[in-house]
Every structure is written in C-alpha cells, then in structure tokens.
Amino acid sequence: MNKTEQYQNIYTAFSALLKAPVADYVHMNNLCALLKKEFHFFWVGFYLRQGEENLQIGPYQGEVPCFDIKIGKGVCGTAAAEKSTQVVADVHAFPGYIACHPEPNSEIVVPGLNDGNCVFVLDIDHVDKNYFDAVDQEWLEKLCALVVEKLN
Ligand code: SME
306 MNKTEQYQNI
316 YTAFSALLKA
326 PVADYVHMNN
336 LCALLKKEFH
346 FFWVGFYLRQ
356 GEENLQIGPY
366 QGEVPCFDIK
376 IGKGVCGTAA
386 AEKSTQVVAD
396 VHAFPGYIAC
406 HPEPNSEIVV
416 PGLNDGNCVF
426 VLDIDHVDKN
436 YFDAVDQEWL
446 EKLCALVVEK
456 LN
C-alpha cells in the first residue's frame, strides 16, 4: 500500500466513525489513534484555540506534551496565526520551534479552519527528518475539514 492508499483507508474509517454518537473529543481522539497506528508517528494531537492568543492541548496520542502555546509561536502557533499548513523538514531549523520532546525531527501542523477562523491545529511529529510531503498535507487537510464539519 502506498501512502495515498493508507490515507484513503483512514479517511473511509474516520468517516464511518464520525457517525458514532460520541462526544467531539472522542472523534478527535479516534483520528489521532488511526493516524498514529498507521504511520508510526511519534506524536499526534490537537491544540484547541482558546480566545485570541492561545492554543491549549486537546485530544492526543503519545507522550504527555506541552499544554499551552501562544498563537504566533512555534510551529503550531505559526499555523494558527497564518492559517496555513506548516510542513517542517527539520524542526531544529524552524525559528521558535517548541521542543516538547527530544525525539522528533520533522513536523506537520494543519489548521482547522471554520469560516476563515482557526478553531484548532492538528500537530504531528515524526522522528525522521524530511518525513512529511504534499501527500500528507493534502490528506491531513481533508481529514481536518471533516473534523471542522463535525464540530459545527
Ligand atoms: N513542536 C510544536 C509544539 C507541540 S509538540 O510538537 C507536541 C511547536 O513548535 O509548536
């Protein structure tokens, strides 16, 4: 299976799971679980926008992370401020990178946009440098759009 097929399977599985009558945070946790298991990511999780200036930890899979991130800071805060996906080949070269753990070397952060407002970011860390590419970006943006739709 190539990466596109792996994401297609996750998209199908997550779409079906979204029909379950459970709280939104469970849906978000389900997506983290599906992604982490399939791709052996180091960490997968959501940071939720709190007011105008902050992101706070939401559902996640992996080690206990940083809880609070200022919008505009780090990879997550940059994705939220710029409302655009950040694909970071080498986290150590990213200005203001926030190291919650020593292991990751690459990262992707996708903002969840509702009517142009960032309501959350989905953050994924990988231990390899240069892990994430345009395929990850395309499918993670599609998956985040499903989450935004569910939150509405
Ligand atoms: N590295 C992120 C912080 C969150 S952790 O990766 C879980 C950042 O720079 O925003």
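Numbering-wise, the working numbering comes out as the position in the sequence shown, counting from 1, plus 305. Here a beta-carbon is modelled for each residue, glycine too, at the ideal position from N, C-alpha and C.
- Cβ of Gly-382 within 8 Å of any heavy atom in the ligand SME? Start at 1 with the first residue of the sequence shown, and residue 382 comes out as number 77. For Gly-382, the shortest separation between its Cβ and any heavy atom of the ligand SME lies below 8 Å.
- Message: Could you give the first and the last residue of the continuous beta strand (DSSP E) run that contains Leu-418?
- Response: As a working note, residue 418 is residue 113 in the sequence shown. 411-419 is the span of the beta strand (DSSP E), which, as asked, contains Leu-418.
- Message: Measuring straight from C-alpha to C-alpha, what distance separates Leu-336 and Gly-363?
- Response: Looking up residue 336 in the sequence shown gives position 31. Looking up residue 363 in the sequence shown gives position 58. Taking the Cα positions, Leu-336 is about 12 Å away from Gly-363.
- Message: Helix, strand or coil for Asp-430? Go by DSSP, reduced to three states.
- Response: Start at 1 with the first residue of the sequence shown, and residue 430 comes out as number 125. Correct three-state label for Asp-430: strand.
- Query: Alpha carbon to alpha carbon, what distance is there between Tyr-330 and Asn-435?
  - Reply: As a working note, residue 435 is residue 130 in the sequence shown. As a working note, residue 330 is residue 25 in the sequence shown. In this structure, the alpha-carbon of Asn-435 lies about 30 Å from that of Tyr-330.
- Item | Within 9 Å, strictly: CB atoms of Val-432 and Pro-409 | Numbered from its first residue, the sequence shown carries residue 432 at position 127. Numbered from its first residue, the sequence shown carries residue 409 at position 104. Yes, these two residues count as a Cβ contact at 9 Å.
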